[in-house]
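Using our numbering, the first residue of the sequence shown is number 16, and each one after it goes up by one.
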Amino acid sequence: MKYRKFGKLDYEPSALGFGAMRLPIIGDDTANIDQPQVIKMIRYAIDNGVNYVDSAYPYHKGQSEVVVGKALKDGYREKVKLATKMPCWLINKADDFDKYFNEQLQRLQTDHIDFYLLHGLRKERWGVVRDLGVFKWAEKKIADGKIGHLGFSFHDELPLFKEIVDYHDWDFCQIQYNYMDTKYQAGTEGLRYAAKKGLAVVIMEPIAGGRLAIEPPAPIKQLWKEGHHRWEPAEWALQWVWNHPEVSLVLSGMSNMEQTVENVRAAGRSGVGKLTKEDVKLVDKVAKKYREMGFVGCTGCRHCTPCPSGVAIPEIFALFNEYYMKDRDNAVKTKYASQLKKEQYAKNCTSCGRCEELCPQHLPIRNLLRGAGQVFESDR
């Protein structure tokens, strides 16, 4: 395992952090986590050098924190820094800070959180928690040893990101970043801005919710063959992020043991300057080609679910991405019909807009669903 600097703190995180947002499940219920497998995965990662585990209050309908707490029993809690996040959208009064924090301590079976984040800050959420006194509350928790360091995760536009960075003496932040998102949300400019201010920068969605890891279409495959590394697409995406000196840690939401093993191995090969100028140019070419082929920026976080009309939004977008990434393969249309029930189809969208209010990526979901319907449902 390789280790990196964590901003101004005297702490060296593993290049790879274990993200507990896309854990393996049993059946279709995201709350029904395959706990034995997850415990095995997390402990394998820790045994192989991972020293940072990240969860959040809403992941897997609240069960992510529960299973992480179980995985960190038997001495594993002492081997890692534990990160989780305040559900800012649920905060309506100052008493809510303690309400949710104490619930999280109980779920995680711990007496302190090493890295606590204000989750998914956007303009409307930022103003609420700020004005309710979240910093005064956090300072007391830090003084009492309940929180080690305060940070925030971010889903909005660059000007707001800079405003939040400048408002408080943060220790770290967490942003979405991958080779498709260099100008999206905080983007490269935000990454460099935060790092210059002394913040450690944790990266989420380095593989765009797994979209950059699926079997690529022929034109993308051909481009990857130009590189001198024989990496899988997922590792290309990870190595591209690790190549940035401003990056402190890369989170990967691993869904099975195979991914865990592969990512741990890739982290051991990581480093700033690992990619040559030619490698970087190749990744740029791949990103350009993906955009030409209709890449949809859904990360599969499921914040938009459940849809009031029953539309299977993340599943539709996953197939939409696959359709374009496989050069408009008609086999994906067949998969759409076989995997989704008609009551889950895009045509059932009533354009209520609830999903767009909840989407961290600010995607035009209603328009994208209309496009998906035209592709997959025109003859059904």
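Note that CB positions come from ideal geometry on N, CA and C, so glycine has one too.
Inset, instruction - Could you tell me how far apart the beta carbons of VAL326 and GLN359 are, in whole angstroms, since I believe they sit closer than 8 Å? - result: Sure, about 6 Å apart at Cβ, within 8 Å.
Legend entry - Beta carbon of GLY22 nearer than 7 Å to that of GLY213: GLY22 places its beta carbon less than 7 Å from that of GLY213.
Inset, instruction - Look at the alpha carbon of GLN78 and the alpha carbon of LYS292, and state the distance between them as a whole number of angstroms. - result: Going by the C-alpha atoms only, they are around 43 Å apart.
Inset, instruction - Any chance you could list the alpha helix (DSSP H) runs of at least 4 consecutive residues sitting entirely within the segment 243 to 293, in chain order? - result: Taking 4 residues as the minimum length, the alpha helix (DSSP H) runs contained wholly in the segment 243 to 293 are 248 to 257, 272 to 283, in order along the chain.
Legend entry - One or two residues paired with GLN191 in a DSSP bridge: In DSSP, GLN191 forms a bridge with MET219.
Inset, instruction - Express the C-alpha separation of VAL390 and LYS362 in angstroms, rounding to a whole number. - result: When only Cα atoms are considered, LYS362 and VAL390 end up about 11 Å apart.
Legend entry - Inter-stretch contact at 8 Å, needing at least 3 Cβ pairs: the segment 250 to 268 / the segment 17 to 33: Touching, per the Cβ criterion.
Legend entry - Inter-residue Cα distance where the pair is ALA228 and THR275: In a straight line, the C-alpha of ALA228 is about 14 Å away from that of THR275.
Inset, instruction - Determine the extent of the alpha helix (DSSP H) in which SER79 is found, giving its start and end residues. - result: Residues 78 to 86.
Inset, instruction - Using alpha carbons as the reference points, say which of HIS259, ALA333, HIS377 lies closest to GLY224. - result: Selection HIS259, ALA333, HIS377 evaluated against GLY224 yields ALA333 as nearest (Cα-Cα).
Inset, instruction - Using 10 angstroms around the beta-carbon of LEU105, count the other beta-carbons present and answer buried if the total reaches 16, otherwise exposed. - result: In this structure LEU105 is exposed. Its beta-carbon is surrounded by fewer than 16 other beta-carbon atoms within 10 angstroms.
Legend entry - Three-state class that DSSP yields for ASP299 in the structure shown: ASP299 falls in the helix class under three-state DSSP.
Inset, instruction - Reducing DSSP to helix, strand and coil, say where ALA333 ends up. - result: Helix at ALA333.
Inset, instruction - Determine the DSSP secondary structure at ALA327, reduced to helix, strand or coil. - result: Reduced to three states, the DSSP call for ALA327 is coil.
Legend entry - 7 Å Cβ cutoff met for LEU206 and GLU261: Taking 7 Å as the Cβ cut-off, LEU206 and GLU261 qualify as a contacting pair.
Inset, instruction - Indicate whether VAL144 and CYS103 have their beta-carbon atoms separated by less than 7 Å. - result: Between VAL144 and CYS103, the C-beta gap is smaller than 7 Å, which places the two residues in contact.
Legend entry - Where the alpha helix (DSSP H) through MET56 begins and ends: Per DSSP, MET56 is one residue of the alpha helix (DSSP H) stretching across 50 to 62.
Inset, instruction - Classify PHE130 as helix, strand or coil using the three-state DSSP reduction. - result: Residue state for PHE130 is assigned as strand, using DSSP reduced to three classes.
Inset, instruction - Identify which residue in GLU27, LYS94, CYS374 has its Cα closest to the Cα of CYS313. - result: Minimum Cα-Cα distance from CYS313 among the listed residues GLU27, LYS94, CYS374 corresponds to CYS374.
Inset, instruction - Following the continuous alpha helix (DSSP H) through ASP181, name the residue where it begins and the one where it ends. - result: 173 to 182 is the extent of the alpha helix (DSSP H) around ASP181.
Legend entry - Nearest-angstrom Cα separation, counted from GLY166 out to ALA215: Computed Cα separation, rounded: 9 Å.
Legend entry - DSSP state of ILE162 mapped onto helix, strand, coil: ILE162 falls in the strand class under three-state DSSP.
Legend entry - Beta-bridge partners of MET101, as assigned by DSSP: Answer by DSSP bridge pairing, in chain order: LEU133.
Legend entry - Rounded straight-line distance, which links the Cα of PHE176 to that of GLU204: Distance from the CA of GLU204 to the CA of PHE176, rounded to the nearest whole angstrom, comes to 10 Å.
Legend entry - DSSP state of TYR115 mapped onto helix, strand, coil: Correct three-state label for TYR115: helix.
Legend entry - C-alpha distance - SER285 paired with ASN193, whole-angstrom precision: Taking the straight line from one Cα to the other gives about 15 Å.
Inset, instruction - Count the other C-beta atoms from every protein chain shown that fall within 10 angstroms of the C-beta of THR99, then say buried if there are 16 or more, exposed otherwise. - result: Buried, since its Cβ has 16 or more Cβ neighbours within 10 Å.
Legend entry - Member of MET219, GLU372, ALA86, ASP69 whose CA lies at the smallest distance from the CA of CYS322: Measuring from the Cα of CYS322, the nearest candidate turns out to be GLU372.
Inset, instruction - Inspect the beta-carbon positions of PHE169 and ALA209 and report whether they are closer than 7 Å. - result: No, these two residues do not count as a Cβ contact at 7 Å.
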